[in-house]
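Reading through the structure tokens given below for one structure.
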Amino acid sequence: QALISLHHEVIRPPEIQHLPSYRFKAEVGKQVAHNVSDHLSGRTPYPQPAKFDRLQPTIAHGKRGVTKTVEVLQELVDIELEEVDDDERQRVANLKRDNVSKLFEAIYDITVIGDAVANTSEINTVALLKQLLADPDPQVRTGAAQVLGRFCAILQGRKAVCASGCAEQLAFMLEDPEHADVRLASGKTLHILTQSIDGRDDVVDTVADGQTILIMVKALLAVSQKQGGISTPELTPVLLDALANLLRFDEPISLALMGGVMPFVVQQLKLRKHNMAALRCLCSICSHPEGKRAAIEEKALQAICGLLASEKPVERQLSARAVLLMCVDELGKQKAGVLVPNLCQQLYEEDHDLYMNALLAIRTICEWPATREYVMKVLEDDPEMREQVFSDHQVHLASYRYEANKPPRV
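The sequence shown begins at 717 in the working numbering and counts up one residue at a time.
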């Protein structure tokens, strides 16, 4: 036995008791020949009992995790910070950050979101998040905006966000003077809100008395300035996409034009920055007669000329659609000559959508005699395509009671 103890240290009895501070009836580990006991004494569960703090983030998940976290956040919000010292104020701020992060983590499923929005507990979750949007800590405001973004995934959540005033508060947070993360989180939440038809209608009609468009356009111009104090380049495509979703009716488009959105969109296209978002926004604005004329006067046709030959098919398709929308205006037909070569090149695309967008745009600009002659001149090397375009043009004029080189009869 002495030789075994000397040459086989692994089976020697432990030097200290196994978890000595635990109150067991027997001296567990004293007679057990296993050296792992020495290491377990310093690992979790801790030998000494840990102090329980109910304001710490819960370890529960799902619905129960949301309920417990909301209760803790409500208790933290109700604490009067003016009556406590600086250390306690900092502790409360840290607890708010941790619990908001836990709430964002727990809301991962549509069922859980629905239960949270339906207020199955006594606390109104959306009203609580509205209070957190006004918290002095930027991390808490960012977390609250992200949680509201999760709420916007379902219809009841979008209705609650708009009815409670959270959407209006998020719109004003786009120009938050302190933190770029707050501006970005609020912009992404508004973007999620405007992706659905009901959310878009609520934002346009009810939020901020219908002035949301002006607020968003103002924020877009502010965060895009390099020399500005709230410059946030990552927010520019998010707001352009959100505006593209909102600008579907006459009144919102008029408000956006009043706010000065068209010069900015054309400038982005000229600089080749955020092409997809800028093209979508341009197409939405050009669905209105005032938007068409404003785009033409800002030289949007010249700005998208190069995008008609882009390497990305989606950019070519959206550019041709924008040309089609703008050239409904007579002034657009007159100034579309610069686009003819690139549009004619799209006629040879194998993708049907690309081909049809280009054909419809050419059909529209061919209503102007000078532009029509230029189209025929560009296609003179391909008689078959030229005849095809000319026949399509004749059918188009006949269907609208037009005759070539003559004024319309209706």
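Even for Gly, the Cβ is constructed at its ideal location relative to N, Cα and C.
Query, Result
"Count Cβ pairs between the region 804-813 and the region 828-845 that sit closer than 8 angstroms; are there 3 or more?", "no"
"By the three-class DSSP mapping on this structure, what secondary structure does Ser947 have?", "coil"
"Alpha carbon to alpha carbon, how far is Asp1097 from Met1042?", "28 angstroms"
"Given a threshold of 16 other Cβ atoms within 10 Å of its Cβ, counted over all protein chains shown, does Val981 qualify as buried or as exposed?", "buried"
"Under the assumption that Ile929 contacts Arg899 (Cβ atoms under 8 angstroms), give the Cβ distance between them as a whole number of angstroms.", "Between Arg899 and Ile929 the Cβ distance is about 18 angstroms, and since that is not below 8 angstroms, they are no contact."
"Which residue's Cα is closest to the Cα of Leu811: Leu849, Gln855 and Ala1036?", "Gln855"
"Between the C-alpha atoms of Leu962 and Arg1079, what's the straight-line distance to the nearest angstrom?", "29 angstroms"
"Using CA atoms only, rank isn't needed, just tell me which of Leu886, Pro1029, Arg857 and Asn1058 is closest to Asp1067.", "Pro1029"
"Roughly how many whole angstroms lie between the Cα atoms of Gln911 and Lys1093?", "44 angstroms"
"Here's the rule: buried if 16 or more other CB atoms are within 10 angstroms of the residue's CB, otherwise exposed. What is Ser902?", "buried"
"Under three-state DSSP, which class holds Tyr762?", "With a pLDDT of 48 at Tyr762, under the threshold of 50, the modelled position of this residue cannot be trusted; read the value that follows with caution. The answer is coil: DSSP assigns Tyr762 none of H, G, I, E or B."
"Flag this pair as yes or no: are the beta carbons of Gln1062 and Ala1038 separated by less than 9 angstroms?", "no"
"By DSSP, does Lys1028 sit in helix, in strand, or in coil?", "coil"
"Applying the 10 Å Cβ sphere with the 16-neighbour rule, what's the burial state of Asp801?", "exposed"
"Could you give the uninterrupted runs of the alpha helix (DSSP H) lying entirely in the region 960-1023, keeping only those of 4 residues or more?", "966-975, 977-986, 991-1001, 1005-1013 and 1016-1019"
"In angstroms, rounded to a whole number, what distance separates the CA positions of Thr1087 and Asn991?", "27 angstroms"
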